[in-house]
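Peer 1:
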Amino acid sequence: MVYAIKTRVPDPDADSFTFVAQKTMYGGKRIAQGDTIFVISSENGGGTGLVAKGIVAAVDAVQRRPGVERQTPRVTVHVTRIAGAVKRLGRSELKPFTSWDDGRPETELNFKFYRQATDKIAGISDATAAFLAGYFDGEE
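If you're matching positions, the sequence shown starts at 1 in our numbering and goes up one per residue.
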């Protein structure tokens with residue numbers, strides 16, 4: 001499966017990333033070593049949107065807090081960068097796509113990552129993964 005993460009990215013040009021205790025939604029808790037992941041630098045954290053494509057090098061589950069009944073599963077992921085985005089894709093480009101059932105990749109991304117401001121890891125469809133691949137050199 002292919003995933004995307006939207007979170008604060010201190011150095012978008014780094015060769016690798018470690019994202020600690022990230023929320024998982026929309027199938028994100030199934031992320032595993034070897035999966036492809038697209039990295040979105042959260043505009044709420046000063047970022048610019050899509051910045052990188054990577055491979056998950058490792059995943060560590062974060063233990064749930066005792067005594068808290070409803071908790072979103074969290075993981076720490078280590079990502080090796082394989083490409084940097086060459087075109088901009090962020091909140092402003094995705095904001096117009098609000099027909100939640102139109103099947104467009106832009107709408108899926110807006111729904112999963114920008115409808116709520118929370119940072120998260122989410123599974124994405126093959127069509128959306130192909131769409132995002134078009135934002136990197138030599139990929140379509």
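Glycine included, every Cβ here is placed at the ideal spot set by N, Cα and C.
(1) Output the distance between the C-alpha atoms of Arg30 and Asp102, rounded to the nearest integer angstrom.
(2) Buried or exposed: which applies to Ser125, given that a residue is buried once 16 or more other Cβ atoms fall within 10 Å of its Cβ?
(3) Tell me the residue span of the beta strand (DSSP E) that contains Phe38.
(4) If distances are taken between C-alpha atoms only, which option among Gly54, Asp15 and Val75 comes closest to Val2?
(5) Leaving out five residues on either side along the sequence, give the residues of the same chain with a beta carbon under 6 Å from the beta carbon of Tyr26.
(6) Considering Phe97, what are the terminal residues of the beta strand (DSSP E) in which it resides?
(7) Along the alpha helix (DSSP H) that carries Asp60, what are the first and last residues, could you check?
(8) Is the stretch 6-13 touching the stretch 57-67 in the sense that three or more CB pairs, one from each, lie closer than 8 Å?
(9) Buried or exposed: Pro10, going by 16 or more other Cβ atoms within 10 Å of its Cβ?
Peer 2: Taking the structure as given:
(1) 26 Å
(2) exposed
(3) Thr36 to Ser41
(4) Gly54
(5) Lys112, Ala122 and Gly123
(6) Taken as a continuous stretch (DSSP letters only), Phe97 belongs to no beta strand (DSSP E), as it is neither H nor E.
(7) Looking at the DSSP string, Asp60 is not in any alpha helix (DSSP H); the run it does join, the beta strand (DSSP E), is Gly49 to Val62.
(8) no
(9) exposed
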